[in-house]
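Okay, so here's the structure we're looking at.
Protein chains: 2
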Amino acid sequence: MAIDPALFQENERLDPRAKAVRFAEVGELRCEAGGFLPSVTVAYETWGEPNSDRSNAVVICHALSGDSHAIGWWDRMVGPGRPIDTDRYFVIGTNSLGGCQGTTGPASPHPGDGAPWQTRFPIVTVGDMVEVQMRLVRILGIETLLAVAGGSMGGMQALEWTLREPGRVRRAFITASCAAHSAMQIGFNEAARQAVMRDPRWKGGHYDPGDPPAAGLAVARMLGHLSYLSEAAFDAKFGRRLQNKDTFDYHLGTEFQVESYLAHQGDKFTTRFDANSLLYLTRAIDYYERRSLQGSRSEYLFTSFDSDWIYPTHQSRALHEMALAAGCHSEHHEVSLPFGHDAFLLDGEHQGALVRRFLES
Amino acid sequence: MAIDPALFQENERLDPRAKAVRFAEVGELRCEAGGFLPSVTVAYETWGEPNSDRSNAVVICHALSGDSHAIGWWDRMVGPGRPIDTDRYFVIGTNSLGGCQGTTGPASPHPGDGAPWQTRFPIVTVGDMVEVQMRLVRILGIETLLAVAGGSMGGMQALEWTLREPGRVRRAFITASCAAHSAMQIGFNEAARQAVMRDPRWKGGHYDPGDPPAAGLAVARMLGHLSYLSEAAFDAKFGRRLQNKDTFDYHLGTEFQVESYLAHQGDKFTTRFDANSLLYLTRAIDYYERRSLQGSRSEYLFTSFDSDWIYPTHQSRALHEMALAAGCHSEHHEVSLPFGHDAFLLDGEHQGALVRRFLES
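Protein chains in written order, with the numbering used here: chain A, 100 to 460; chain B, 100 to 460.
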C-alpha cells in the first residue's frame, strides 16, 4: 500500500506536543455485533518516524475518555526521551471507533441524511475498534508492530491486537486492565449509562446536539472520577477541606472541595464529550471477555496498582497467568502507588522503567 | 414524666414483627446549624417491655434509608431471642429527623401553609437527630439506656448519644461507621445529591410530590448500592450472568443481571423515599465530625467488615482508639465477610455473638 511521505514530515514542523490530528478513511465495517458502517474515518496522530525496516511502530490505545493525543494524556509515558520514546519509535495514537474525538462514532453524520447517527449507530466492540486500528496501521505502511500499549479500555484493545492476527504484534504493554469486566465494573458503567439515559434531554438518544443530556453526562462523569481515585488519593487531594471558606454555610450546595472538584470534572466533560459515545464505549468494554490467550505469539507486560480498586491487581494477574498458559513470555508487576486507577495515567516512573526495558529487550 | 401504659401493651396483641408505628410530639427544635422547627413529630416503634428499674432500654438508630422498623431491616440482630433480644430488652426504633418514614422531614407539612417543607426545611445535623431521639426516650419514661446501637449513619447517632449527656448511655454498639466522612465518602454522597439536584424535576427542591425527581433519585440509589457491596459480593450475586437470556441482544438496554438489579433497586427506592430527604440526610452525615470522645462515660463495641471499602476498618479502629484515649472501655472487632458495607445489615452471627456478650456483660 502506498504511503504518503508527507505523513511523517508534518510533525517535524510542529511543536512535538501540539495536537496535529489527521484523518484516514478505512472503508466500510461489518461490526461483530451485526451492525454495518458504510464508511469509517479514523482520527490519528503520529510521532517519530518509521525505521528502515518499519519494525519500530508502537500503537497507543486510549481509555474511555481519551483521544489520539497520547503525547498529551500519557505525557509521562510517551514523548521524546520518554519510556515510549518518540525519538526511537514510530508512535501512533488513534481515537477509538465509537468515540467522539474525530473517529466515526454516534455523533458523526449518518451518510444517509447527514444528521448524527446517535442511537442509530450500531453496537461496536473492542474487536471492531482494533479492526479499525489495524486498517489504519496498514494504510500507514506498517505490517507488524513493535508494540501495542494501553490502559483500562486501551488495555483491552492492546490485548485484542495480540489475538486478532497472531505474530503481527511483538509486545503488548497492558496496564490497569482486565480480560473481562466484573459485575461491579459493569455496575459502575451501568449507573453512568442510566444517569445519561434517564436524563429527559437524552430523548432515546436523539437529542438536539445543542441541548444534550448534560446533567446526566456530568453525573456519569462524577461517578467515573469516584472510581478512578482511591480513598487515600481523595484524602490527600481534598480531605475535609472546605471550598473557599473556613466554616460551613449549612446548605445543600457545595461545602467541601471534593464536591467542587466532582462538579467541575462533570461539567467540563460535557463540553468535550458526546453522551451517546459514553454509552457505546462503556457498552463495548462491558461486553468484552477473553477467557484465554491461546494462539497469541506476543510477549506481554502487565502492570497494575495496589490502590486501584476498580481494576484490581488480581485482574492483571489473571491476564498474566492466561499469557503464561498460552506459552507466551509474560511479566506482571504490581506498582505500589496511592493514586487509584488514575495511577496508570500518572505513573511515568515505575511503569516507565518497566516499559523502557520491555521495548528494548 | 407520665407514661401511657398502653404503649407497652399494644405490641403484645400484634405479630411481633408487624409494623406498628406510633408517633410522639417532641416540641420545637432550634437546630444546631441555626434553623428552627416549630414542632417535631417522631415516628417510633418499641418491642419488649421496660424492666422494673427501667434499665433495659436499647435505642436502635437506622442508616440512610432505614426507618423505625428495626425488627425488620435488622432482623438478624433485633427480635425475640436475637442478640438484641426483645424478650429481654425494651427496644426502641425511631425514624430519624429529616427522614421520610413518619418523623418530621422535608416532605412533612410546613405548619405555616400545610405544603411540604421541601427545601425550606432547615439543615439538620446528627446531633439534632439524637436530640429528638433523647426527647422521645424521656417521653417513654426512660432516663438511661442500657445501650444504643447503629450502623453507618446510625453509628454516628449512637456515637453522638454517648457524648451529649455522658452517663445516660451505658453501652454503645457502633458498626460500619466512622467519626467523620472522608473525602471519598463525601464524594459518593455528593454524586448522589447531584443526580437528584440536576434532575430538572427537582426544581430547586420545590417539586410536585406527584412528579418528583425520580430519575435522579433512582440514579442516586444505584450509586448507593454500588458502594454498599464489594467486588466479591457483586461477583457472587451476579458475575457476568445475563438477564433472562443466554446471548447478548447487542443494544444499549439491559444485558447483565447486575444492571437489572441496580435499576430495580433505584426504581423501587423512588416509591418509598423522598428525594429531598436524601439530600438532607446525606448532608447531615457529611457534616458530622468528632475528633475526640473525651467526656464519654460509655463502653463501646465497634465492628467493621474487611470487605467494606466505603466505611473501611481503619475508621472503626480510629473510633476504638478515640474511646480508649478517652479512658472508656472499648473493643473493636473486624469481621471477615465478603458482603461489603451491607454486611452490617446481613451479619447476625459474628456481630451478634459480640453484641450479645456486650449487652450481657
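Idealized CB from N, CA, C, for every residue including glycine. Fair warning: this is a prediction, and the values are worked out from it, not measured in the lab.
Exposed unless 16 or more other CB atoms sit within 10 angstroms - verdict on residue i
i, result
"Gln217(B)", "buried"
"Asp345(B)", "exposed"
"Thr370(B)", "exposed"
"Phe355(A)", "buried"
"Arg237(B)", "exposed"
"Gly303(B)", "exposed"
"Arg51(A)", "Nothing can be reported for residue 51(A): it is not among the residues displayed for chain A, which extend from 100 to 460."
"Gln284(B)", "buried"
"Asp482(B)", "Because chain B is modelled from 100 through 460, residue 482(B) falls outside the range shown and cannot be assessed."
"Gln256(A)", "buried"
"Glu242(A)", "exposed"
"Gln393(A)", "exposed"
"Leu444(B)", "buried"
Residue i and residue j closer than 8 Å at C-beta
i, j, result
"Phe220(A)", "Tyr379(A)", "yes"
"Phe337(B)", "Ala282(A)", "yes"
"Ala278(B)", "Trp260(B)", "no"
"Phe372(B)", "Leu322(B)", "no"
"Pro311(A)", "Ala374(A)", "yes"
"Leu453(B)", "His440(B)", "no"
"Ala162(B)", "Gly250(B)", "yes"
"Phe135(B)", "Gly201(B)", "no"
"Val158(B)", "Ile183(B)", "no"
"Ala142(A)", "Val120(A)", "yes"
"Glu131(A)", "Glu358(B)", "no"
"Leu377(A)", "Val231(A)", "no"
"Ile273(A)", "Tyr399(A)", "yes"
"Ser395(A)", "Pro265(A)", "yes"
"Gly178(B)", "Ile191(B)", "no"
"Gly315(A)", "Ala294(A)", "yes"
N- and C-terminal bounds of the alpha helix (DSSP H) containing residue i
i, result
"Ala374(A)", "Ala374 to Tyr386"
"Leu244(A)", "Not the alpha helix (DSSP H): Leu244(A) falls in the beta strand (DSSP E), residues Leu244 to Gly250."
"Val236(B)", "Val225 to Ile238"
"Val120(A)", "Neither: Val120(A) is in no alpha helix (DSSP H) and is coded neither H nor E."
"Ile170(B)", "Ala169 to Trp172"
"Asp334(A)", "Glu330 to Lys336"
"Ser478(B)", "In the structure as shown, chain B begins at 100 and stops at 460. Residue 478(B) is therefore absent and cannot be evaluated."
Span separating the alpha-carbon of residue i from that of residue j
i, j, result
"His449(B)", "Gln364(B)", "27 Å"
"Glu111(A)", "Ser167(A)", "Residue confidence for Glu111(A) is low, a pLDDT of 42 falling below 50, so the modelled location carries little weight; the figure read from the coordinates is stated next. Near 18 Å, if we compare the C-alpha coordinates of Ser167(A) and Glu111(A)."
"Arg187(A)", "Arg263(A)", "26 Å"
"Arg234(A)", "Ser435(B)", "51 Å"
"Met176(A)", "Gly426(A)", "28 Å"
"Ser164(A)", "Trp172(A)", "10 Å"
"Val229(B)", "Ser429(A)", "58 Å"
"Phe107(B)", "Asn150(B)", "Note that Phe107(B) scores a pLDDT of 36, beneath 50, so its modelled location is shaky; the value from the coordinates is reported in the next line. Each residue's alpha carbon lies about 11 Å from the other."
"Asp298(B)", "Arg116(B)", "37 Å"
"Thr203(A)", "Glu144(A)", "15 Å"
"Gly147(B)", "Arg382(B)", "34 Å"
"Met100(B)", "Gly447(B)", "Its pLDDT being 34, under 50, Met100(B) is placed unreliably in this model, and the value from its coordinates should be taken loosely. Between Met100(B) and Gly447(B), the C-alpha separation is close to 36 Å."
"Ser326(A)", "Ile409(B)", "12 Å"
"Gly213(A)", "Ala206(A)", "11 Å"
"Ser397(B)", "Val268(B)", "6 Å"
"Ser138(A)", "Ser391(A)", "32 Å"
"Pro104(A)", "Asn194(A)", "Because the pLDDT of Pro104(A) is 38, which lies under 50, any placement of that residue in the model is unreliable, and the number read from its coordinates should be weighed accordingly. If you take the alpha carbons of Pro104(A) and Asn194(A), they lie about 22 Å apart."
"Ile414(B)", "Ser276(B)", "Note that residue 414(B) is Gln in the sequence shown here, rather than Ile. About 7 Å."
"Asp227(B)", "Phe457(B)", "27 Å"
"Ala362(B)", "Arg455(B)", "37 Å"
"Gly197(A)", "Ala335(A)", "35 Å"
"Tyr360(A)", "Leu239(B)", "46 Å"
Start and end residues, beta strand (DSSP E) containing residue i
i, result
"Phe355(B)", "Neither: Phe355(B) is in no beta strand (DSSP E) and is coded neither H nor E."
"Val268(A)", "Val268 to Thr274"
Cross-strand partners of residue i (DSSP beta bridge)
i, result
"Tyr306(B)", "For Tyr306(B), which the question treats as bridged, DSSP gives no partner whatsoever."
"Asp432(B)", "Note that residue 432(B) is His in the sequence shown here, rather than Asp. According to DSSP, which records beta bridges pairwise, His432(B) is partnered with Thr402(B)."
"Pro312(B)", "The partner list for Pro312(B) (beta bridge, DSSP) is empty, contrary to what the question assumes."
"Trp146(B)", "Val190(B)"
"Val158(B)", "Ile191(B) and Val247(B)"
"Gly178(A)", "Asp184(A)"
"Thr140(B)", "Glu124(B)"
"Phe135(A)", "Arg129(A)"
"Leu445(B)", "Leu445(B) pairs with nothing; no bridge assigned."
"Ala279(A)", "Glu388(A)"
"Leu341(A)", "Phe355(A)"
"Pro208(B)", "Pro215(B)"
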